[in-house]
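Q: In the working numbering, the protein residues as written are 62 to 233.
See the structure below:
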């Protein structure tokens, strides 16, 4: 088990030889979560691999937004306009593949974890801890309140709904 701040990783992938170091990383359709380790690195959880990336989680989010044609600031302002909220906003990383991530705390906080909305299968609370089950059957334990997680999932779902509604209206 790996523990840092507000989360626990409850599984390890051994099929690829353990953790891999990377200096750069773009979020993709296999990314489950981005977890801050310290001010200079983060852990990336994918469906079948995990990596240590030598940059802060916020930089991975911003660089991924830029890779897909915007920036964190641009995506943040877009989300703010679409759902009318001002803090702890979900971010559209890549719209055509519906890649939306949400923070578990303020993105400026060192132990902020970013979760992929569409990779979550279920979540529940047990002994004051929240567990997220991903669609690949892995599990992540967060030391945040159930209310906080549910609120963040609802914000991200609202953003997804607004985008889907706009796409459907475009196609009429």
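We put the CB at the ideal spot given by N, CA and C, even for glycine.
What residues match up with residue 164 in a beta bridge as DSSP calls it?
A: Beta-bridge pairing links residue 164 to 175.
Q: Around the C-beta of residue 225, are 16 or more other C-beta atoms found within 10 angstroms, so that it is buried, or is it exposed?
A: By the neighbour-count rule (16 or more Cβ atoms within 10 Å), residue 225 is not buried but exposed.
Q: Comparing C-alpha positions only, which one of 204, 183, 179 sits nearest to residue 191?
A: Nearest of 204, 183, 179 to residue 191, Cα basis: 204.
Q: Alpha carbon to alpha carbon, what distance is there between residue 216 and residue 83?
A: Going from the Cα of residue 83 to the Cα of residue 216 covers about 31 Å.
Q: Between the Cα of residue 107 and those of 187, 176, 222, spot the shortest distance and give me the residue it belongs to.
A: Nearest option by C-alpha distance: 176.
Q: If you draw a straight line from the C-alpha of residue 209 to the C-alpha of residue 89, how long is it?
A: Distance between the alpha carbons of residue 209 and residue 89: 25 Å.
Q: Alpha carbon to alpha carbon, how far is residue 103 from residue 200?
A: Distance between the alpha carbons of residue 103 and residue 200 is about 18 Å.
Q: What is the C-beta distance between residue 159 and residue 221, in whole angstroms, given that I count them as a contact (C-beta under 8 Å)?
A: Indeed, because the Cβ distance is near 7 Å, the residues count as touching under 8 Å.
Q: Which of helix, strand or coil does DSSP assign to residue 119?
A: If DSSP states are grouped into helix, strand and coil, residue 119 belongs with the helices.
Q: Excluding the five sequence neighbours on either side, which residues of its own chain have a C-beta within less than 7 Å of the C-beta of residue 173, listed in chain order?
A: Within the same chain, residue 173 has close Cβ partners 97, 118, 164, 165, 166, 167.
Q: Nearest to residue 111 by alpha carbon, out of 86, 206, 133, 153?
A: Here the closest residue by C-alpha is 86.
Q: Taking 6 Å as the limit between beta carbons, can you name the residues of its chain near residue 76, skipping five residues before and five after?
A: Interpretation of residue 76 is limited by its pLDDT of 36, a score under 50 that renders its predicted location unreliable; the figure taken from the coordinates is listed afterwards. Excluding residues within five positions, none has a Cβ falling inside 6 Å.
Q: Could you tell me which of 152, 145, 92 sits nearest to residue 126, measuring between CA atoms?
A: Nearest C-alpha to residue 126: 152.
Q: Beta carbon of residue 122, beta carbon of residue 162: below 8 Å?
A: Taking 8 Å as the Cβ cut-off, residue 122 and residue 162 qualify as a contacting pair.
Q: Going by other Cβ atoms of all chains shown within 10 Å of its Cβ, with 16 needed for buried, is residue 142 buried or exposed?
A: Exposed, by the Cβ-count rule.
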